[in-house]
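Residues 1 to 227 (full-length UniProt numbering) make up the sequence shown, in order. Note that CB positions come from ideal geometry on N, CA and C, so glycine has one too. Note that this is a predicted model, so its numbers are computed, not measured.
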Amino acid sequence: MVTEYGPVGSPELSAIGMVLVAERYARQGIGRCLMRHVVTEMGTTPLTLHATPYGRPLYEELGFKVTGQAEMIRGHFTPGAPDVSVRTRPATAEDLTTILRLDAEVFGTDRTHILTRLPAFADQLRVAVENDRIIGYAAAWPNMDDHVVGPLIARDTRTAKALITSLAAHTERPLRTDIDVRHDELLAWAKERGLASIAFNSVMTYGLSELPGDWTRRYAPLTVAAG
Numbered sequence: 001m002v003t004e005y006g007p008v009g010s011p012e013l014s015a016i017g018m019v020l021v022a023e024r025y026a027r028q029g030i031g032r033c034l035m036r037h038v039v040t041e042m043g044t045t046p047l048t049l050h051a052t053p054y055g056r057p058l059y060e061e062l063g064f065k066v067t068g069q070a071e072m073i074r075g076h077f078t079p080g081a082p083d084v085s086v087r088t089r090p091a092t093a094e095d096l097t098t099i100l101r102l103d104a105e106v107f108g109t110d111r112t113h114i115l116t117r118l119p120a121f122a123d124q125l126r127v128a129v130e131n132d133r134i135i136g137y138a139a140a141w142p143n144m145d146d147h148v149v150g151p152l153i154a155r156d157t158r159t160a161k162a163l164i165t166s167l168a169a170h171t172e173r174p175l176r177t178d179i180d181v182r183h184d185e186l187l188a189w190a191k192e193r194g195l196a197s198i199a200f201n202s203v204m205t206y207g208l209s210e211l212p213g214d215w216t217r218r219y220a221p222l223t224v225a226a227g
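Here it is as structure tokens:
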């Protein structure tokens with residue numbers, strides 16, 4: 001699966017995901033052929049993906065570079081004392097323009113075509129607000145028995161915590177999310193609240209040295225497949 005971001009016909013970034021080969025066809029070079037085809041088809045468009053330890057050697061062989069790491073965590077969230085200094089609420093249709101503007105600034109390119117589908121795709125979409133100004137947003141969408149938290153965009157770690165707490169308060173499912181390991185304070189806090197480490201994936205890029213945007217406010221992707 002390839003998800004393009006930016007102007008139609010001239011994407012600024014493409015995310016690769018769901019590179020799967022049936023077990024009976026494993027180790028026959030099919031994955032390599034698929035990836036070579038994608039790289040060729042995308043031409044000069046920069047690429048990014050989340051790689052498992054199993055897949056990383058193939059991507060490195062094709063010229064992808066490791067530019068970061070994400071830790072997958074999962075579990076039933078146990079709330080602590082509420083932080084009343086950060087107000088959260090369900091997002092409304094009137095918030096969408098502001099969410100899109102904030103997301104483009106933090107993600108580094110426009111993904112309107114993805115985010116406008118989020119209210120229908122996600123079970124929850126919430127915003128953090130300060131003085132009537134949106135300072136972060138997050139969604140929780142169903143995946144098997146879990147609610148996956150993503151995207152998670154926030155002004156700071158305190159805001160990210162408030163958004164996760166508010167999402168957890170409205171579900172009985174376990175939460176799962178993939179947090180950029182540079183956000184070590186958020187990871188430590190989430191583990192104290194009951195989420196355990198499941199796996200580490202490498203964030204890799206092709207055609208650019210690092211992802212665009214502001215990683216300090218980008219805590220979790222929409223999905224590891226779509227960025």
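query                                                                                                                      : result
Whole beta strand (DSSP E) elements within the stretch 110-191, 3-residue minimum                                          : 124-130, 133-143, 146-154, 175-180
Touch test, the stretch 208-220 against the stretch 93-108, Cβ-Cβ under 8 Å, three pairs minimum                           : yes
6 Å Cβ shell around Gly75 - same chain, five flanking residues per side excluded                                           : Pro174, Gly194, Leu195, Ala196
Counted within 10 angstroms of its Cβ, other Cβ atoms place Ala188 as buried (16 or more) or exposed                       : exposed
Length-filtered (4 minimum) alpha helix (DSSP H) runs lying within the stretch 56-96                                       : 56-61
Cut-off 8 Å between Cβ atoms - residues of its own chain near Phe200, not counting five sequence neighbours on either side : Pro53, Gln69, Ala70, Glu71, Met72, Val181
Spatial distance of Met35 from Pro79 (CA atoms)                                                                            : 42 Å
Exposure of Gly43, with buried meaning 16 or more beta-carbon neighbours within 10 Å                                       : exposed
N- and C-terminal bounds of the beta strand (DSSP E) containing Met204                                                     : 196-206
Beta-carbon proximity check, Thr109 vs Tyr5, cutoff 7 Å                                                                    : yes
Per-residue burial, Met18 [other beta carbons within 10 Å of its own, 16 or more giving buried]                            : exposed
Separation of Glu192 from Gly136, as counted between CA atoms                                                              : 22 Å
Extent of the continuous alpha helix (DSSP H) run through Glu12                                                            : Note, Glu12: premise wrong, no alpha helix (DSSP H); not H, not E.
Distance CB(His147)-CB(Ala140) smaller than 7 Å                                                                            : yes
Beta-carbon proximity of Gly150 to Ala15, cut-off 7 Å                                                                      : no
The stretch 53-62 in contact with the stretch 86-98 per 3-pair CB rule at 8 Å                                              : no
Same chain, Cβ closer than 6 Å to Met204, five either side skipped, listed in chain order                                  : Leu49, Ala51, Tyr59, Phe64, Val66
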